[in-house]
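Take a look at the structure below.
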Amino acid sequence: MDWLVLSEEEWVAVRLSLKVATVATLCSLPVGIAVAYLLARGRFWGKSLVNGIVHLPLILPPVVTGFLLLLTFGRRGAVGQFLYDWFAISFSFRWTGAALASAIMGFPLMVRSIRLSMEAVDQKLEEAAGTLGAAPLWVFLTVTLPLTLPGIVAGTILAFAKAMGEFGATITFVSNIPGETQTLSAAIYVLTQVPGGDAGALRLTVVAIVISFAALLASEWLARLAARRVDA
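1 is the number of the first residue of the sequence shown in the UniProt record's numbering; add one for each residue after it.
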């Protein structure tokens, strides 16, 4: 079983992937809930356009998404240059850029799951709370959000799993720098391109399968737990 023992470089890629996926998921969650609520309850001109933009990363080639991120958040990009000049924040060739790319790729899955859960909530419950004098924000926090919890959990886990496996957008945006931007998927790709790297690629593939499967199991378990609490 020695072939299953990861080298230090492989452990670095695994830890970096977990770090990138966790940061990407946590940072995108508040925005995902807000956008899902806007799409589920909002009535405004251009809603279909907003919905299309949110889901665009699902249908665009990941390389295209990465290139657009490079144009926007690169050191000389419109947003990237502003952030660097004024706040010394840089996404180019940094793990933070990998987290940004992973967050954007997993964002549509998160929003869709939360939105569908919100649309399933009976709006009469929200209206009843409003007639009792509750402010809209309080109605959202005490009625809508708890009833949407199973969808939030499912969307969060799906986004995390997507972030763990992201490759195309990440490597296009922040390249493949060992210890900085070389995530699990990028490390597997590199190992398949070098002589004698098959064993390492197989080890990391096993790790990726275990993490993804564990995420799916956790999603099912947490969603059921949240559903039981809501029903209670």
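Backbone N, C-alpha and C define an ideal beta-carbon position, used for all residues, glycine too.
Can Ala-24 and Ser-102 be called in contact, C-beta distance under 8 angstroms?
-> Taking the sequence shown and counting its residues from 1, one reaches residue 24 at position 24. Taking the sequence shown and counting its residues from 1, one reaches residue 102 at position 102. The answer is yes: Cβ separation under 8 angstroms.
Cβ pair count under 8 angstroms reaching 3, the region 30–46 against the region 106–116 = yes
Look at the Cβ atom of Glu-119, then the Cβ atom of Val-139, and state whether they are nearer than 8 angstroms.
-> Position 119 of the sequence shown, counted from the start, is the residue given in the question as residue 119. Position 139 of the sequence shown, counted from the start, is the residue given in the question as residue 139. Not closer than 8 angstroms, so no.
What is the DSSP secondary structure of Phe-160, counted as helix, strand or coil?
-> Here residue 160 is taken as the residue at index 160 of the sequence shown, counted from 1. Phe-160: helix per DSSP, three-state reduction.
Please state whether DSSP places Leu-125 in a helix, a strand or coil.
-> Against the sequence shown, residue 125 aligns to sequence position 125. If DSSP states are grouped into helix, strand and coil, Leu-125 belongs with the helices.
Under 8 angstroms Cβ to Cβ from Thr-142, same chain only, skipping five residues before and after it: list those, please.
-> Position 142 of the sequence shown, counted from the first residue, corresponds to residue 142. Cβ within range, chain order: Ala-129 and Ala-134.
Environment of Trp-221 [buried if 16+ CB atoms lie within 10 Å] = For the purposes of this step, residue 221 is taken as the residue at position 221 of the sequence shown. With fewer than 16 Cβ atoms within 10 Å of its Cβ, Trp-221 is classed as exposed.
To the nearest whole angstrom, what separates the beta carbons of Val-153 and Ala-223, a pair I think is in contact under 8 angstroms?
-> Within the sequence shown, the letter at position 153 stands for residue 153. Within the sequence shown, the letter at position 223 stands for residue 223. Going by Cβ atoms, the distance from Val-153 to Ala-223 rounds to 5 angstroms, so yes, they are a contact pair.
Hey, could you find the ends of the alpha helix (DSSP H) Ala-78 is sitting in?
-> Translated into positions along the sequence shown, residue 78 becomes position 78. It spans 78–87 - the alpha helix (DSSP H) in which Ala-78 sits, taken as one unbroken run.
Can you tell me the Cα-Cα spacing of Asp-198 and Phe-82, whole angstroms?
-> If you number the sequence shown from 1, residue 198 lands on position 198. If you number the sequence shown from 1, residue 82 lands on position 82. Cα-Cα distance, rounded: 43 angstroms.
Alpha carbon to alpha carbon, how far is Val-63 from Gly-165?
-> Taking the sequence shown and counting its residues from 1, one reaches residue 63 at position 63. Taking the sequence shown and counting its residues from 1, one reaches residue 165 at position 165. Distance between the alpha carbons of Val-63 and Gly-165: 14 angstroms.
Can the beta-carbon of Ile-157 be found closer than 8 angstroms to that of Ala-218?
-> Counting from 1 along the sequence shown, the entry for residue 157 is found at position 157. Counting from 1 along the sequence shown, the entry for residue 218 is found at position 218. Yes, they are a contact pair.
Return the chain-ordered list of same chain residues with a C-beta closer than 6 angstroms to the C-beta of Gly-179, the five sequence neighbours on each side being excluded.
-> One-based indexing of the sequence shown puts residue 179 at position 179. Excluding sequence neighbours, Gly-179 sits near Val-12.
For Lys-124, does the count of other Cβ atoms within 10 angstroms reach 16, so buried, or fall short, so exposed?
-> Taking the sequence shown and counting its residues from 1, the one referred to as residue 124 is at position 124. Exposed is the call here.
Phe-213, DSSP secondary structure in three states | Taking the first residue of the sequence shown as position 1, residue 213 is located at position 213. Helix, per DSSP.
Return the first residue and the last residue of the alpha helix (DSSP H) that Val-31 is part of.
-> Position 31 of the sequence shown, counted from the first residue, corresponds to residue 31. Per DSSP, Val-31 belongs to the alpha helix (DSSP H) from 8–41.
Alpha helix (DSSP H) segment containing Trp-138, residue limits | The sequence position of residue 138 within the sequence shown is 138, counting from 1. It spans 136–139 - the alpha helix (DSSP H) in which Trp-138 sits, taken as one unbroken run.
Look at the alpha carbon of Thr-192 and the alpha carbon of Ala-186, and state the distance between them as a whole number of angstroms.
-> Against the sequence shown, residue 192 aligns to sequence position 192. Against the sequence shown, residue 186 aligns to sequence position 186. Taking the straight line joining both Cα atoms gives about 10 angstroms.
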